[in-house]
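Working notes for the structure below.
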Amino acid sequence: MDTSNSTIELDKFLKLMGVTPTGGQAKLMIQGGDVKVNGSVETRRRRKLVPGDEVMVGGQTLTVNFNNF
0 MDTSNSTIEL
10 DKFLKLMGVT
20 PTGGQAKLMI
30 QGGDVKVNGS
40 VETRRRRKLV
50 PGDEVMVGGQ
60 TLTVNFNNF
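Numbered continuously in numbering that gives the first Met the number 0, the sequence shown closes out at residue 68.
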């Protein structure tokens, strides 16, 4: 997480939020098209997320909020 710019990479976010236990599994989910960011399928695991972005995966919606970390 880059707190100076308030961004976090998508794969790291999924891992921190407990969606997946490893970065490798996060990579497979993202590259498999199983993750949406703000309503669009995202296949870049290093996509920078900012506060307010919505990540949809596995039937749940997670909102990026750095107060959660």
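We put the CB at the ideal spot given by N, CA and C, even for glycine.
Per DSSP, residue 55 lies in no alpha helix (DSSP H); the unbroken beta strand (DSSP E) holding it starts and ends at 53 to 56.
For the set 5, 38, 23, the Cα lying nearest the Cα of residue 59 is the one of 38. Taking C-beta separations shorter than 8 Å and ignoring five residues to either side along the sequence, the partners of residue 40 in its chain run 32, 34, following chain order.
Apart from the 5 residues on each side of it in sequence, residue 18 sits with its Cβ closer than 6 Å to the Cβ of 56 in its chain, given in chain order.
Short of 8 Å from the beta carbon of residue 21, and not among the five residues preceding or following it, lie these beta carbons of its own chain, in chain order: 14.
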